[in-house]
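First the structure, in the form of structure tokens, and then the observations on it.
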Amino acid sequence: SNDRKKFNTVLIIDVHAKDIIDSFLRDSILDAREFEWESQLRFYWVNEPDELMIRQCTGEFGYGYEYMGLNGRLVITPLTDRIYLTITQALSMYLGCAPAGPAGMNNVFIKD
Numbered sequence: 103s104n105d106r107k108k109f110n111t112v113l114i115i116d117v118h119a120k121d122i123i124d125s126f127l128r129d130s131i132l133d134a135r136e137f138e139w140e141s142q143l144r145f146y147w148v149n150e151p152d153e154l155m156i157r158q159c160t161g162e163f164g165y166g167y168e169y170m171g172l173n174g175r176l177v178i179t180p181l182t183d184r185i186y187l188t189i190t191q192a193l194s195m196y197l198g199c200a201p202a203g204p205a206g207m208n209n210v211f212i213k214d
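Take 103 as the starting number for the sequence shown in our numbering and just add one per residue.
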């Protein structure tokens with residue numbers, strides 16, 4: 103059911119966020135300027151121009167509010183985080199990227 107997919111997606115995202123916080127505590131990440139924090143996909147509400155912004159390292163983008171439906175997630179891995187970082191950095195430099203690889207190698211999990 104859709105409710106089950108919603109709860110599963112929220113649970114996976116929350117477990118991933120908990121894992122990130124655990125790694126910050128383990129590695130004593132205390133400064134927002136540290137790479138470990140900067141490299142996380144972060145969402146900020148900006149009063150002027152009254153917009154939700156996405157930031158990751160040097161990349162900053164307006165959210166866009168595009169609804170993608172309940173596509174389901176299996177897992178978020180460190181590879182997923184690295185791919186998001188690669189994509190945001192490429193887009194911030196007005197480049198593109200085309201993740202590819204053999205079937206079964208997590209290249210389908212970046213559809214968010």
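Every residue gets a Cβ at the ideal spot worked out from N, C-alpha and C, and that includes glycine.
Cα-Cα separation, ASP105 to VAL112: CA-to-CA, the gap between ASP105 and VAL112 works out to about 11 Å.
Exposure label - THR190; buried when at least 16 CB within 10 Å: By the neighbour-count rule (16 or more Cβ atoms within 10 Å), THR190 is buried.
Nearest neighbour of GLU153, chosen from HIS118, TYR167 and PHE126 [CA to CA]: With distances taken between Cα atoms, GLU153 lies closest to TYR167.
Where ILE123 falls: helix, strand or coil (DSSP): Taken through DSSP and simplified to helix, strand or coil, ILE123 comes out as helix.
Reference THR179; option with closest CA among PHE109, HIS118 and SER103: The option with the nearest alpha carbon to THR179 is HIS118.
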